[in-house]
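**Student:** Sharing a structure, written as structure tokens. Questions coming.
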Amino acid sequence: ALQKNTTLFPDEAVFERHFAFTLTRLGRYDEAIPHNRRAVELDPFSDNNRSELLVNLAEANRIEECFAELENLDAVGQKPSLVHRTLTLAYLQTGDYGKSVSECQLLAQGAKERESWARLLNLAPLVMLGRFTEAIQSIEGDLAADSVHPELEREEIRMYMRHNALGQLRRLIGEPSLAAQEAEFLTHLPPVGANLIPLREGCALGPDLNDSAIIQQGLERLVEIARRWPSSHSQSAVWLTEAMLKQLKSDAGATELFSKAKGTWPDPINLFYTARWEGNIGLLDAQLATLLELERLRGKVYKHHFAGFVVLGWLEQARCLQKLSRFEDSSRTYEKVLKHWGTSQAAHTDLIRQTRKELDAVRIRKEARS
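Using our numbering, you'd call the opening residue of the sequence shown number 96 and step up by one each time.
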């Protein structure tokens, strides 16, 4: 229907922008950006049109184009309201995490209603820098502040994103019982369409916590959502969660379910957990292709999910490349993981200690080959 509107009303910028938004949400960036540009062409004075073009360019990792657009707008004195949001994401893509933190701070200045949002966005560069303790403290402060507000005034989606990030961080630093509390919170959310993503992410903590009850709790709600609001998105969430449950119980049938989830809705969560499964059962070429697609959607991870999946995806790539005897590529990818998390608060986690051991083993095999 959205695409049809752009044909029926070719001079309406709003339809171009809405269609671009949908395509971007699906990760179809090359199709989306021309519609963003068309929206700006039709209504060049719309802040929404300019802002969405910039943010979508940053998400698509088309950074040179994004910076060029910003320079053009600055030259004519048109500063979009989301310029700092754009730069936060753009600097994440370029690896300039300190600049991303600075842009989050600028986003919050002079706009009290943006302070909470800016702190949420700031979690991504903090996580990429391995500053886990600082990220946890920020989340806990915001959750505590939010809890005193009347229920109708709470920013529910942002609150759920914080609970998910807190669960993942607690898991990474070796606090499984506290991570499980966050997963329990998420998997007990009401079975309504708006809760599909946080419910699925709560379930996704289950395998790493070795807790099938968490997965089962969330699965029941995801099944209800898929029944009431059937879609590729809701059905893929059910398949992924069923696959995780079978994986944890060592039941047959997980491979087909992971494959269906990835094929039906290839978003970062389905891609990451399917890739791990593919690696576990030796489908290495498929795993590498899945991980490369996850890397292509890195901007989507930064915008909508726990940023640590970017680094965890690199770690899975390094392991996959090692199994494929591509030791040079594997070594380089392990080093990228350690560059991000090996010299910070994250360096003391079991995950990074294991990563160092794996890198040492790859280097030995690389030297033996040469």
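C-beta: ideal position from N, C-alpha, C; glycine also.
Small disclaimer: the values here were computed from a predicted structure and weren't measured.
Output the residue ranges of the alpha helix (DSSP H) runs that lie fully inside the region 274–355 and measure 4 residues or longer, sorted by chain position.
**Tutor:** 291–304, 307–323 and 327–344
**Student:** Helix, strand or coil: which one does DSSP assign to residue 469?
**Tutor:** Nothing can be reported for residue 469: it is not among the residues displayed for the chain, which extend from 96 to 465.
**Student:** Do three or more CB pairs link the region 230–244 to the region 203–217 at distances below 8 Å?
**Tutor:** Short answer: they touch.
**Student:** Report the rounded CA-to-CA distance for residue 422 versus residue 379, giving the unit in angstroms.
**Tutor:** As a working note, residue 422 is residue 327 in the sequence shown. As a working note, residue 379 is residue 284 in the sequence shown. For residue 422 and residue 379, the distance between alpha carbons rounds to 14 Å.
**Student:** Measuring straight from C-alpha to C-alpha, what distance separates residue 464 and residue 442?
**Tutor:** For this step, residue 464 is matched to residue 369 along the sequence shown. For this step, residue 442 is matched to residue 347 along the sequence shown. Whole-angstrom Cα-Cα distance: 29 Å.
**Student:** How would you call residue 398, buried or exposed, if buried means at least 16 neighbouring beta carbons within 10 angstroms?
**Tutor:** The residue you call residue 398 lines up with position 303 of the sequence shown. Its Cβ being crowded by 16 or more others within 10 Å, residue 398 is buried.
**Student:** For residue 400 and residue 126, what's the separation of their Cα atoms in angstroms?
**Tutor:** Here residue 400 is taken as the residue at index 305 of the sequence shown, counted from 1. Here residue 126 is taken as the residue at index 31 of the sequence shown, counted from 1. Taking the straight line from one Cα to the other gives about 23 Å.
**Student:** Apply the 10 Å Cβ neighbour rule to residue 140 and answer buried if 16 or more other Cβ atoms are within range, or exposed otherwise.
**Tutor:** Taking the sequence shown and counting its residues from 1, one reaches residue 140 at position 45. Residue burial is scored here from C-beta neighbours: residue 140 has fewer than 16 other C-beta atoms within 10 angstroms and is therefore classed as exposed.
**Student:** Can you look up residue 436 in the DSSP assignment and give me helix, strand or coil?
**Tutor:** If you number the sequence shown from 1, residue 436 lands on position 341. In the three-state scheme derived from DSSP, where H, G and I count as helix and E and B as strand, residue 436 is classed as helix.
**Student:** Assess contact between the region 179–189 and the region 198–213, defined as three or more Cβ pairs (one per stretch) separated by less than 8 Å. Is contact present?
**Tutor:** yes
**Student:** With DSSP run on the structure shown, which of helix, strand or coil describes residue 123?
**Tutor:** Counting from 1 along the sequence shown, the entry for residue 123 is found at position 28. Looking at residue 123 - three-state DSSP - the assignment turns out to be coil, as it is neither helix nor strand.
**Student:** Just the C-alpha distance for residue 162 and residue 111, rounded to the nearest angstrom, thanks.
**Tutor:** Here the question's residue 162 lines up with position 67 in the sequence shown. Here the question's residue 111 lines up with position 16 in the sequence shown. In a straight line, the C-alpha of residue 162 is about 22 Å away from that of residue 111.
**Student:** Would you kindly work out how many angstroms separate the C-alpha atoms of residue 290 and residue 113, rounded to a whole number?
**Tutor:** Within the sequence shown, residue 290 is the residue found at index 195, counting from 1. Within the sequence shown, residue 113 is the residue found at index 18, counting from 1. Their Cα atoms are separated by approximately 22 Å.
**Student:** Among residues of its own chain, excluding the 5 on either side of residue 274, which ones have a beta-carbon nearer than 7 Å to its beta-carbon?
**Tutor:** Position 179 of the sequence shown, counting from 1, holds the residue named residue 274. Here the set comprises 262, 265, 266, 300 and 304.
**Student:** Just to confirm, are residue 138 and residue 144 a CB contact at a threshold of 8 Å?
**Tutor:** Your numbering for residue 138 matches position 43 in the sequence shown. Your numbering for residue 144 matches position 49 in the sequence shown. Their beta carbons are under 8 Å apart, which means residue 138 touches residue 144 by this criterion.
**Student:** Given this structure, state the Cα-to-Cα distance separating residue 453 from residue 434, to the nearest angstrom.
**Tutor:** Residue numbering aside, residue 453 sits at position 358 when the sequence shown is read from its first letter. Residue numbering aside, residue 434 sits at position 339 when the sequence shown is read from its first letter. Using only the alpha carbons, I get a separation of about 15 Å.
**Student:** If you follow the alpha helix (DSSP H) that residue 227 is part of, which residue opens it and which one closes it?
**Tutor:** Translated into positions along the sequence shown, residue 227 becomes position 132. Unbroken alpha helix (DSSP H) run through residue 227: 227–242.
**Student:** Leaving out five residues on either side along the sequence, give the residues of the same chain with a beta carbon under 6 Å from the beta carbon of residue 192.
**Tutor:** Along the sequence shown, read from residue 1 onward, the residue named residue 192 stands at position 97. If we look at residue 192 and ignore the five residues flanking it on each side, its Cβ neighbours are 220, 223 and 224.
**Student:** Measure the CB-CB distance between residue 284 and residue 293 and report whether it falls below 8 Å.
**Tutor:** Here the question's residue 284 lines up with position 189 in the sequence shown. Here the question's residue 293 lines up with position 198 in the sequence shown. Their beta carbons are under 8 Å apart, which means residue 284 touches residue 293 by this criterion.
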